[in-house]
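Student:
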Amino acid sequence: MGANPHANGGKLLVDLNLPDFTQYAIEVKQPATQLFEATRLLGEMMRDIFTRNAEQHNFRFFCPDETNSNRLGAVFEVENRCFMGETIPTDDHVSHFGRVMEVLSEHLCEGWLEGYLLTGRHGLFATYEAFAMIADSMIIQHSKWLVESLNLSWRAPIASLNLLLTSTCWRNDHNGFSHQGPGLIDTILSRKGTVARIYLPPDANCLLSVADHCFRSRDYINLIVIDKQPHLQYLTLEEAIDHCTRGLSTWHWAGNAGEIEPDVILACAGDVMTEETIAAAWWLRHHLPELKVRVVNVVDLMTLYPPTFHPHGLDSATFVEHFTEEKPVIFAFHGYQRAVHELVHGRPKPERFHVRGFNEEGTTTTPFDMVVLNGVSRYHLCKLAMEFAPRVHELTPPLMRECDDLLAKHHSYVRANLQDMPEVREWVWTD
Numbered sequence: 001m002g003a004n005p006h007a008n009g010g011k012l013l014v015d016l017n018l019p020d021f022t023q024y025a026i027e028v029k030q031p032a033t034q035l036f037e038a039t040r041l042l043g044e045m046m047r048d049i050f051t052r053n054a055e056q057h058n059f060r061f062f063c064p065d066e067t068n069s070n071r072l073g074a075v076f077e078v079e080n081r082c083f084m085g086e087t088i089p090t091d092d093h094v095s096h097f098g099r100v101m102e103v104l105s106e107h108l109c110e111g112w113l114e115g116y117l118l119t120g121r122h123g124l125f126a127t128y129e130a131f132a133m134i135a136d137s138m139i140i141q142h143s144k145w146l147v148e149s150l151n152l153s154w155r156a157p158i159a160s161l162n163l164l165l166t167s168t169c170w171r172n173d174h175n176g177f178s179h180q181g182p183g184l185i186d187t188i189l190s191r192k193g194t195v196a197r198i199y200l201p202p203d204a205n206c207l208l209s210v211a212d213h214c215f216r217s218r219d220y221i222n223l224i225v226i227d228k229q230p231h232l233q234y235l236t237l238e239e240a241i242d243h244c245t246r247g248l249s250t251w252h253w254a255g256n257a258g259e260i261e262p263d264v265i266l267a268c269a270g271d272v273m274t275e276e277t278i279a280a281a282w283w284l285r286h287h288l289p290e291l292k293v294r295v296v297n298v299v300d301l302m303t304l305y306p307p308t309f310h311p312h313g314l315d316s317a318t319f320v321e322h323f324t325e326e327k328p329v330i331f332a333f334h335g336y337q338r339a340v341h342e343l344v345h346g347r348p349k350p351e352r353f354h355v356r357g358f359n360e361e362g363t364t365t366t367p368f369d370m371v372v373l374n375g376v377s378r379y380h381l382c383k384l385a386m387e388f389a390p391r392v393h394e395l396t397p398p399l400m401r402e403c404d405d406l407l408a409k410h411h412s413y414v415r416a417n418l419q420d421m422p423e424v425r426e427w428v429w430t431d
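In the working numbering, the protein residues as written are 1 to 431.
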């Protein structure tokens, strides 16, 4: 085995001929006013990766029976599903030579990708978020192999293990509780900082920037979490590239604090959490302009770690620049809230971080009802912001009641109409 060149696959690795990801970008004229399915753009990008690397035959896509469901079906414009058995004329994009490995087994898909990478090729494994946990232990073992391989000078770098989690816990609209589980984030957080990366792009242009980086990287486990459903878009391509390069940014357009120190910081990580946070900032701006709010969006989760824990961790000065030294932070997080508390341990006054996220409250229901059930809706975030901002406490009692009334209205409306209220369903940013 050791004499086989593929045993040290990094020596055989040829860089992907990647398309210019900027050509897939969508135009964002005003933030939070248009909807788009972000993963469709990634499907188009992978379609062209297949085409540009056809002679090298060194890229495959692995997905458990969900390629079209996850809005990645553009790959079938140039590729087929691989199947070595007998094919019939009615088969849908199936051939013996297909490079899309689609079979309903997360174990197989993840294991195939590992083997493909170890022997010097490139790929991506995409799956419903909850079912990534089926391959959890396999991903852990690959991370351990990567850590050890970095200590061996003769072991050549290999392409990173790229994981795309979509159909997320917040938007499994018709599948329900069994399909709602963001646990792989916690798994990757527990891996060594030398190999572990977690990205939560808030919109389509950010996803393109993150994907391009991940396809170029070596010796990492790159976890990308973004939903497939239509979501609000926030950043132009140039803004998205800058945001992803920094790992997190203050979105001045969404807050009203300007350059002064805010009363409260609304922070978020994840596409659905970004929408609820932006909507909360908008509501507070219109109903309580006296409250000075700063909005911080996190795309690279590891930036929250102190730099002694992870190479992407922000230095103390940069962290304080965004989160201040003592102001309350209301953090809406895609996954389990304990993850953020772990990340900010060692930062100035970590007890001021009030995190809300997925709380194992799930069912088959509407998108907004999911965030309400887990206490992370825009109205919950508004109440928290007012609660932890003592400077405006005299003004907040009627607004607290208004938030409670809106939550009660939602409860009745969604059960009577089986859809979210128009003011939520149709909400966009206005000045």
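Ideal Cβ positions, reconstructed from N, Cα and C, are used throughout, including at glycine.
Which residues does DSSP pair with M101 in a beta bridge?
Tutor: Translated into the one-based positions of the sequence shown, residue 101 becomes position 101. F62, per the DSSP bridge assignment.
Student: Just reading off the beta strand (DSSP E) that C169 is part of, what are its end residues?
Tutor: For the purposes of this step, residue 169 is identified with residue 169 of the sequence shown, where counting begins at 1. Per DSSP, C169 belongs to no beta strand (DSSP E) and is neither H nor E.
Student: Just list the residues that DSSP pairs N297 with in beta bridges.
Tutor: Stepping through the sequence shown from its first residue, residue 297 is reached at position 297. Answer is S249 and C268, bridged to N297.
Student: Anyone know if the C-beta pair for P390 and G346 falls short of 7 Å?
Tutor: To locate residue 390, count along the sequence shown from 1; it is residue 390. To locate residue 346, count along the sequence shown from 1; it is residue 346. No, Cβ-Cβ distance for P390 and G346 is not below 7 Å.
Student: Is T366 helix, strand or coil by DSSP?
Tutor: Counting from 1 along the sequence shown, the entry for residue 366 is found at position 366. Coil, per DSSP.
Student: Would you kindly work out how many angstroms separate the C-alpha atoms of M370 and D173, rounded to a whole number?
Tutor: Position 370 of the sequence shown, counted from the first residue, corresponds to residue 370. Position 173 of the sequence shown, counted from the first residue, corresponds to residue 173. Distance between the alpha carbons of M370 and D173 is about 9 Å.
Student: Only counting the same chain, and skipping five residues up and downstream in sequence, which positions put a Cβ closer than 8 Å to that of L381?
Tutor: Locating residue 381 in the sequence shown gives position 381, counting from the first residue. Here the set comprises L266, E276, T277, A280, I330, A332 and R356.
Student: Can you confirm whether the segment 139-153 touches the segment 15-32 when touching is taken to mean that 3 or more C-beta pairs between the two stretches lie within less than 8 Å?
Tutor: Contact between the segment 15-32 and the segment 139-153 is absent, because fewer than three Cβ pairs lie under 8 Å.
Student: Can you name the start and end residues of the alpha helix (DSSP H) that F50 belongs to?
Tutor: Position 50 of the sequence shown, counting from 1, holds the residue named residue 50. From DSSP, the alpha helix (DSSP H) with F50 extends over A38 to R52.
Student: S209 and A240 - do their beta-carbons sit closer together than 7 Å?
Tutor: Stepping through the sequence shown from its first residue, residue 240 is reached at position 240. Stepping through the sequence shown from its first residue, residue 209 is reached at position 209. Yes. Within cutoff.
Student: Can you list the beta strand (DSSP E) stretches of 3 or more residues lying completely in the segment 82-167, in chain order?
Tutor: Counting whole runs of 3 or more residues, the segment 82-167 contains the beta strand (DSSP E) stretches 100-102, 122-128 and 161-166.
Student: Does D212 pass the burial test, meaning 16 or more other C-beta atoms within 10 Å, or should it be called exposed?
Tutor: Residue mapping note: residue 212 aligns to position 212 of the sequence shown, counting from 1. With 16 or more other Cβ atoms within 10 Å, it is buried.
Student: How many angstroms separate the CA atom of N222 from the CA atom of M133?
Tutor: For the purposes of this step, residue 222 is identified with residue 222 of the sequence shown, where counting begins at 1. For the purposes of this step, residue 133 is identified with residue 133 of the sequence shown, where counting begins at 1. Approximately 15 Å between the Cα atoms of the pair.
Student: Determine the closest residue to H142 out of N162, T127, W154 and T366, with distance taken between C-alpha atoms.
Tutor: Counted from its first residue, the sequence shown places residue 142 at position 142. For the residues N162, T127, W154 and T366, the minimum Cα distance to H142 belongs to N162.
Student: Which one or two residues does DSSP pair with I198 in a beta bridge?
Tutor: Mapped onto the sequence shown, residue 198 falls at position 198. Bridge partners of I198: L223.
Student: Does DSSP classify I330 as helix, strand or coil?
Tutor: By 1-based counting over the sequence shown, the position of residue 330 is 330. Three-state DSSP puts I330 in a strand.
Student: Excluding the 5 residues preceding and the 5 following L373 in the sequence, name in chain order all residues of the same chain whose CB lies nearer than 6 Å to its CB.
Tutor: For this step, residue 373 is matched to residue 373 along the sequence shown. Excluding sequence neighbours, L373 sits near E361.
Student: Helix, strand or coil, according to DSSP, for F21 in the structure here?
Tutor: Position 21 of the sequence shown, counting from 1, holds the residue named residue 21. In this structure, F21 counts as helix in the three-state DSSP scheme.
Student: Find out if the Cβ-Cβ distance for the pair G193, P311 is shorter than 7 Å.
Tutor: Residue 193 sits at position 193 when you count from the first residue of the sequence shown. Residue 311 sits at position 311 when you count from the first residue of the sequence shown. Against a cut-off of 7 Å, the Cβ pair of P311 and G193 comes out as a contact.
Student: Could you tell me whether the segment 281-289 touches the segment 168-182, where touching means 3 or more Cβ pairs closer than 8 Å?
Tutor: In short, these stretches do not touch, since the Cβ pair count stays below three.
Student: What residues in its chain sit with their C-beta under 6 Å from that of T396, if we drop five residues either side in the sequence?
Tutor: Position 396 of the sequence shown holds residue 396. The residues are M386.
Student: Per DSSP, what kind of secondary structure is R356 in: helix, strand or coil?
Tutor: For the purposes of this step, residue 356 is taken as residue 356 along the sequence shown, with counting starting at 1. Three-state result, R356: strand.
Student: Pairing CB atoms from the segment 227-244 with CB atoms from the segment 26-36, are three or more of them under 8 Å?
Tutor: With a cut-off of 8 Å, the segment 26-36 and the segment 227-244 count as touching, because enough Cβ pairs lie within range.
Student: Rounded to the nearest angstrom, how far is the Cβ of L146 from that of L301, given a contact under 8 Å?
Tutor: Along the sequence shown, one-based indexing puts residue 146 at 146. Along the sequence shown, one-based indexing puts residue 301 at 301. Actually they do not touch by this definition, with Cβ atoms about 19 Å apart.
Student: Using the three-state DSSP reduction, which class does R347 fall into: helix, strand or coil?
Tutor: Residue mapping note: residue 347 aligns to position 347 of the sequence shown, counting from 1. Coil.
Student: Write down the C-beta distance between P64 and V103 rounded to the nearest angstrom, noting that I regard them as a contact closer than 8 Å.
Tutor: Start at 1 with the first residue of the sequence shown, and residue 64 comes out as number 64. Start at 1 with the first residue of the sequence shown, and residue 103 comes out as number 103. At roughly 7 Å, the Cβ-Cβ gap stays under 8 Å, so P64 and V103 are in contact.
Student: I need the DSSP call for R218, collapsed to helix, strand or coil.
Tutor: Within the sequence shown, the letter at position 218 stands for residue 218. Looking at R218 - three-state DSSP - the assignment turns out to be strand.
Student: What are the boundary residues of the beta strand (DSSP E) that L232 is part of?
Tutor: Taking the sequence shown and counting its residues from 1, the one referred to as residue 232 is at position 232. Here the beta strand (DSSP E) through L232 covers P230 to L232.
Student: For D420, I'd like the list of residues in its chain whose CB is within less than 8 Å of its CB, leaving aside the five on either flank, ordered along the chain.
Tutor: Taking the first residue of the sequence shown as 1, we reach residue 420 at position 420. Contacts found: T366, P367, F368, D369, H410, Y413 and V414.
Student: Go ahead and pull the three-state DSSP assignment for L433.
Tutor: Nothing can be reported for residue 433, as the shown portion of the chain is limited to 1 through 431.
Student: Given W112, which residues of its chain have a CB within under 6 Å of its CB, disregarding the five upstream and five downstream residues?
Tutor: Taking the first residue of the sequence shown as position 1, residue 112 is located at position 112. Cβ within range, chain order: F62 and M101.
Student: Can you tell me which of P348, T67 and R60 puts its alpha carbon nearest to the alpha carbon of E114?
Tutor: Within the sequence shown, the letter at position 114 stands for residue 114. Residue R60 is the option with its Cα nearest to E114.
Student: Compute the beta-carbon to beta-carbon distance between L304 and V295, rounded to the nearest angstrom, for a pair I have assumed lies under 8 Å.
Tutor: Here the question's residue 304 lines up with position 304 in the sequence shown. Here the question's residue 295 lines up with position 295 in the sequence shown. In fact, because the Cβ distance is near 16 Å, the residues do not count as touching under 8 Å.
Student: Roughly how many whole angstroms lie between the Cα atoms of A135 and E261?
Tutor: Walking along the sequence shown from the start, residue 135 turns up at place 135. Walking along the sequence shown from the start, residue 261 turns up at place 261. Looking at the two C-alpha atoms, the distance is approximately 44 Å.
Student: Thinking C-alpha only, which one of D15, C82 and T90 is nearest N53?
Tutor: Position 53 of the sequence shown, counted from the start, is the residue given in the question as residue 53. With distances taken between Cα atoms, N53 lies closest to D15.
Student: For M400, which option in C244, L418 and Y379 has the closest C-alpha, if you only look at C-alpha atoms?
Tutor: Within the sequence shown, residue 400 is the residue found at index 400, counting from 1. Checking every option, the nearest Cα to that of M400 belongs to Y379.
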